[in-house]
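S.K.:
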Amino acid sequence: DTGVSQDPRHKITKRGQNVTFRCDPISEHNRLYWYRQTLGQGPEFLTYFQNEAQLEKSRLLSDRFSAERPKGSFSTLEIQRTEQGDSAMYLCASSAGTLDTDTQYFGPGTRLTVL
Amino acid sequence: TQLLEQSPQFLSIQEGENLTVYCNSSSVFSSLQWYRQEPGEGPVLLVTVVTGGEVKKLKRLTFQFGDARKDSSLHITAAQPGDTGLYLCAGAWNDYKLSFGAGTTVTVRA
C-alpha cells in the first residue's frame, strides 16, 4: 500500500525550537496539501502545492511557517520558533488533480507537542 | 471558521441501533466528502458525493447529498463497535480546498 506517509508521527519540542515535518504523497499525485487539526475540531487548510508550485497559503500560516515541495514529490513543513499554540496534528494530503472532483487522501499525521 | 456544521457533536448508541449524522452549510459545494478518523490517525475517505440528490451506499453506510448541494447525511444501519470513530464531512467549493466540519464522535457500545 503506497498511501500518503508522514514523518515523524510524533514530535515533542520546547518552545522556541524549530521543527520540520516531511510528507511523501501518493506517487504521481501532483497536488499536495497541508492541514492542521486541533482537539475537537476538523482539519483546517494551511497550504497547497500543484507540483512544485505553492499556490495558496492560508492566513493561519504565519511567517514562522514555511512549506516547500522542491521537486514536486515530497514536501516539508517547517515551523520556526515554535509556540505552545502550535501544538496540533499536522496532516498532509495528496490528490491526482486530474478530475473535477479531486479526492484528497490523507496521511497519518504528525502530532506536535510544544512544551 | 468552519463553514460546515455537523450534528450531533457526540452520539453514543448500543450495538445494533441505527444512527444518522448531519452536515449542513449555507454554501453550495461542488462535491462533498465523508471521512472517518480514529484517535492519533489521519482521516480515511469513506465516500465522495457530487450530484445533488445523490445517494451512495457502502455496506451498512448510506450517504446522501442534498438537492441544493448544501447539506449531506450519513446513516449507519445496525451499528457495530467497529463503527466507533470521528466522522468528518468536508466540502469542496473550488478546485482544491476542503472545508471541514468539526466532526461527530460516534461511540457504539457492545
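Protein chains in written order, with my numbering: chain A, 1 to 115; chain B, 1001 to 1110.
Backbone N, C-alpha and C fix where the C-beta goes; we use that ideal spot for every residue, glycine too.
Predicted model, so just to flag it, every value in this text is computed and none were measured.
#1: Am I right that residue 1032(B) and residue 1089(B) are in contact with their C-beta atoms under 8 Å? What's the rounded C-beta distance?
#2: Taking the alpha-carbon positions, what's the residue 1046(B) to residue 1097(B) distance?
#3: For residue 1047(B), list the residues DSSP reports as bridge partners.
#4: Kindly indicate if chain A contains any beta-carbon less than 7 Å away from that of residue 1088(B).
#5: Once DSSP output is grouped into helix, strand and coil, what is the label at residue 1083(B)?
#6: Of all Cβ atoms in chain B, is any one closer than 7 Å to the Cβ of residue 16(A)?
#7: Do you know offhand how far residue 1023(B)'s Cα is from residue 42(A)'s?
#8: From residue 1061(B) to residue 95(A), what does the alpha carbon distance come to, in whole angstroms?
#9: In angstroms, rounded to a whole number, what distance separates the CA positions of residue 1020(B) and residue 5(A)?
#10: Do residue 108(A) and residue 1042(B) have their CB atoms nearer than 7 Å?
M.R.: Well, looking at it:
#1: Translated into positions along the second sequence, residue 1032(B) becomes position 32. Translated into positions along the second sequence, residue 1089(B) becomes position 89. Between residue 1089(B) and residue 1032(B) the Cβ distance is about 6 Å, and since that is below 8 Å, they are a contact.
#2: The sequence position of residue 1046(B) within the second sequence is 46, counting from 1. The sequence position of residue 1097(B) within the second sequence is 97, counting from 1. Taking the straight line joining both Cα atoms gives about 18 Å.
#3: Position 47 of the second sequence, counted from the start, is the residue given in the question as residue 1047(B). Answer is 1034(B), bridged to residue 1047(B).
#4: What you label residue 1088(B) is simply residue 88 of the second sequence in a count that begins at 1. So, interface residue.
#5: To locate residue 1083(B), count along the second sequence from 1; it is residue 83. Residue 1083(B): helix per DSSP, three-state reduction.
#6: For this step, residue 16(A) is matched to residue 16 along the first sequence. So, not an interface residue.
#7: Here residue 1023(B) corresponds to residue number 23 of the second sequence, with the count starting at 1. Here residue 42(A) corresponds to residue number 42 of the first sequence, with the count starting at 1. Cα to Cα, the separation comes out at about 13 Å.
#8: Stepping through the second sequence from its first residue, residue 1061(B) is reached at position 61. Stepping through the first sequence from its first residue, residue 95(A) is reached at position 95. For residue 1061(B) and residue 95(A), the distance between alpha carbons rounds to 24 Å.
#9: Against the second sequence, residue 1020(B) aligns to sequence position 20. Against the first sequence, residue 5(A) aligns to sequence position 5. Distance between the alpha carbons of residue 1020(B) and residue 5(A): 32 Å.
#10: Indexing the first sequence from 1 puts residue 108(A) at position 108. Indexing the second sequence from 1 puts residue 1042(B) at position 42. Yes, the Cβ-Cβ distance between residue 108(A) and residue 1042(B) is below 7 Å.
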